[in-house]
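In what follows, a single structure is set out as structure tokens and then discussed.
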């Protein structure tokens, strides 16, 4: 299990290449939620999501021999772009396996960073199979999306930046997909903000981590139907589970409709664009799922790469 | 004509109540425009636009006797909300004349700050007539939208903040409606950034200031048909004209389509929501109307209060 020292080390690695993203505030949001709210805007991060942090920390940690071999990852979205950009900055060849149905703008984004894109069938089985074959045939180094110490430590640097801007924090709300961003930030936040409660947030149908937290064992669910595509992971990773049980105080859920309401509030009142997964943690605060009042809370906006057609639909 | 000392004084007045808005950057925008570009994000300002700066500076400058009488303004949009919020913060009663067709969200916003809203017919003649009547009957103090020294000085505080964040600036691009924001910021920028060129930007059909600048006299046009509603003013003010001829280097235009392209770029790549008028100055930079290269340029995003239905249409 990683410690805060690993996150400090990761921060030294990623600091020169990531954006320090702002903490957004809104009087209306404070009033509506009954708390003092900060939103950590990783939608303004490079590639439009936090994923560059872990990917860069991971690829930076490879030996020269490994870097020469090149890396492989599979992803339909933000992890693909994070690995592609990180590899490009470090002069490493990246091969990314993407499902045929991946959004054209994300495929174009991934290619624009110089990565080689190989298409596969849409099932996550096929994605893993194709990536595994490439790893073996071409001797590539895999960059896993979340179940990896370097990835987890990299994602944890979000909380390091939060602590540079605010001194006190009662609650930190973090979205949960495979568990990379919550694992890293739970470890960091518990060190940086004594007494803070760390809360994982999922959508109702994608509640594998909610069940996992209660059963105290990794629960795997059927591919969930949710607008928050970053939450379609069927279970969290082993390393992520270990940190979850040691550092996280609760896991809660919000509905897809609450996520849509939050996206609209962010667009109409706060003038920022977030993707559905990025609105999940803010939605838990906006709708005050935990019935808090007078607390200082922060929710992480994980990313902003929303399909314009989807944005159009919800407006 | 105001001087930089008036803007410094205005900054001391507004600093405690306005947001210091960020300068946004994007590698893609730099590459596309061939320049180093900063966007001053007044869409994140209180009430969603720069108008709070001038309105607060103006109402703050009133005598106690005037404050007791209350203020009156006419506006269909951001000036209404700016005056309403500024008056509310200063404990002054505000009466706002709004056209019957004003967007419901802007009427609701204005009322939410405690202002009394009085509706009038849609013509700007009727708006002025109704406001003038109220001024006389109720002995209210008028808060003009742009042709006023305190308003101009207040709007000029945008450039004061820009100079806190960057040391050097070659070009400043500012949108022109009635001329409040360009007048204040031309005076400030010429003091703060030696050698800077200040460029006014309008949409093609709303080119009264473009014509005014070339004719060296105030040109009034028919109500223009443009998506940038903040540019529908038919002429700039007298005080604004005087500053224009003394401090501004050029006035240029962009097409409505270029404004829409800019709004889409801002949403899809930079994850920020701006109103059409807010995208006018950035559009001149993005489309590099002046054919610059290697310069440090800043464009002011004037506001973000876009109608969700319009946003839906352009996506």
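Protein chains in written order, with this note's numbering: chain A, 1 to 315; chain B, 1001 to 1315.
Glycine included, every Cβ here is placed at the ideal spot set by N, Cα and C.
Based on the DSSP output, what are the partners of residue 298 of chain A in its beta bridges? BP columns for residue 298 of chain A point to A:38, A:172.
For my contact list, residue 195 of chain A and residue 152 of chain A are in at a C-beta cut-off of 8 Å; report their separation, rounded to the angstrom. With 8 Å as the limit, residue 195 of chain A and residue 152 of chain A do not qualify as a contact, their Cβ atoms being about 23 Å apart.
Residue 1174 of chain B and residue 1200 of chain B - do their beta-carbons sit closer together than 7 Å? yes
Under 8 Å by Cβ, that's how I've got residue 1046 of chain B and residue 1019 of chain B pegged, so tell me the actual separation to the nearest angstrom. 6 Å
For a test of the three-state rule: what should DSSP assign to residue 202 of chain A, helix, strand or coil? strand
Please report how far the alpha carbon of residue 1186 of chain B lies from the alpha carbon of residue 1248 of chain B, in whole angstroms. 6 Å
By the DSSP assignment, the beta strand (DSSP E) with residue 250 of chain A in it spans what residues? 250–254
By DSSP's criteria, residue 98 of chain A is part of a beta bridge. Which residues make up the other side? A:119
Less than 7 Å between the beta carbons of residue 1203 of chain B and residue 1231 of chain B, yes or no? yes
Span separating the alpha-carbon of residue 40 of chain A from that of residue 272 of chain A: About 12 Å.
Looking at the structure shown, is residue 144 of chain A part of a helix, part of a strand, or coil, going by DSSP? coil
What's the C-alpha gap between residue 17 of chain A and residue 1119 of chain B? 53 Å
Around the C-beta of residue 91 of chain A, are 16 or more other C-beta atoms found within 10 angstroms, so that it is buried, or is it exposed? exposed
How would you list, in chain order, the residues of chain A whose beta-carbon sits under 8 Å from the beta-carbon of residue 1043 of chain B? 271
Do residue 1296 of chain B and residue 1170 of chain B have their CB atoms nearer than 7 Å? Remark: C-beta atoms of residue 1296 of chain B and residue 1170 of chain B approach each other more closely than 7 Å.
Whose C-beta lies closer than 8 Å to the C-beta of residue 100 of chain A among residues of the same chain, with five residues either side of it excluded? 119, 120, 121, 122
Return the first residue and the last residue of the beta strand (DSSP E) that residue 73 of chain A is part of. Where residue 73 of chain A is concerned, the enclosing beta strand (DSSP E) stretches over 71–74.
Closest Cβ-Cβ distance between residue 1194 of chain B and chain A: below 7 Å? no
Leaving aside the five residues before and after residue 1089 of chain B along the sequence, list all residues of the same chain whose C-beta is less than 8 Å from its C-beta, in chain order. Take residue 1089 of chain B, set aside five residues on each side of it, and the residues of its chain with a beta-carbon closer than 8 Å to its own are 1017, 1056, in chain order.
Alpha carbon to alpha carbon, how far is residue 281 of chain A from residue 1081 of chain B? Give it in angstroms, no decimals. Going by the C-alpha atoms only, they are around 30 Å apart.
Buried or exposed: which applies to residue 998 of chain B, given that a residue is buried once 16 or more other Cβ atoms fall within 10 Å of its Cβ? Outside the modelled stretch of chain B, which goes from 1001 to 1315, sits residue 998 of chain B, for which no answer is possible.
Using beta-carbon positions only, say whether residue 165 of chain A and residue 62 of chain A come within less than 7 Å of one another. no
Once DSSP output is grouped into helix, strand and coil, what is the label at residue 1197 of chain B? strand
According to DSSP, is residue 1009 of chain B part of a helix, a strand, or is it coil? Residue 1009 of chain B: helix per DSSP, three-state reduction.
State the Cα-Cα distance for the pair residue 1008 of chain B and residue 1015 of chain B, rounded to the nearest angstrom. 10 Å
Comparing the C-beta of residue 132 of chain A with each C-beta of chain B, is any distance below 7 Å? no
Short of 7 Å Cβ to Cβ, which residues in the region 290–309 of chain A face chain B? 304, 308
Span of the alpha helix (DSSP H) around residue 1079 of chain B: Bounds of the alpha helix (DSSP H) holding residue 1079 of chain B are 1078–1089.
Using a Cβ-Cβ cutoff of less than 7 Å, which residues in the same chain neighbour residue 157 of chain A once the five nearest sequence positions on both sides are dropped? 7, 10, 11, 14, 53
Chain B partners of residue 267 of chain A, CB-CB under 8 Å? Correct list: 1273, 1308, 1311.
Exposed or buried, residue 276 of chain A, counting other C-beta atoms within 10 Å across all chains shown (16 or more means buried)? buried
In this structure, does DSSP put residue 274 of chain A in helix, strand or coil? coil
Could you run through the region 1048–1079 of chain B and flag, in chain order, every residue whose CB is less than 7 Å away from some CB of chain A? 1048
Neighbouring residues, chain B, relative to residue 22 of chain A (Cβ below 9 Å): 1022
Taking CB distances under 7 Å as the criterion, tell me whether residue 1085 of chain B reaches chain A. no
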